[in-house]
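In this note's numbering, the protein residues as written are 10 to 72.
Below you'll find the structure, written out as structure tokens, and then a few comments.
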């Protein structure tokens with residue numbers, strides 16, 4: 010998987026990190042919205058994302 014993403018890194022950077030003021034503002038808006046949704050680990054949104062990503066089981070199993 011690491012090789013796959015490193016091979017495509019330039020393509021991803023071109024799409025997601027372009028120096029376009031509109032895109033940069035979109036990224037800031039997304040970041041702000043996600044911070045608000047996930048600031049409380051007991052919130053519904055945090056639990057939904059946590060379930061989808063299966064991070065909770067990985068976090069608990071790694072300790």
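Ideal placement from N, C-alpha and C gives every residue a C-beta, glycine not left out.
- DSSP places residue 38 in the uninterrupted alpha helix (DSSP H) bounded by 30-47.
- Look at residue 23 here: in three-state DSSP terms it is helix.
- Taken through DSSP and simplified to helix, strand or coil, residue 52 comes out as coil.
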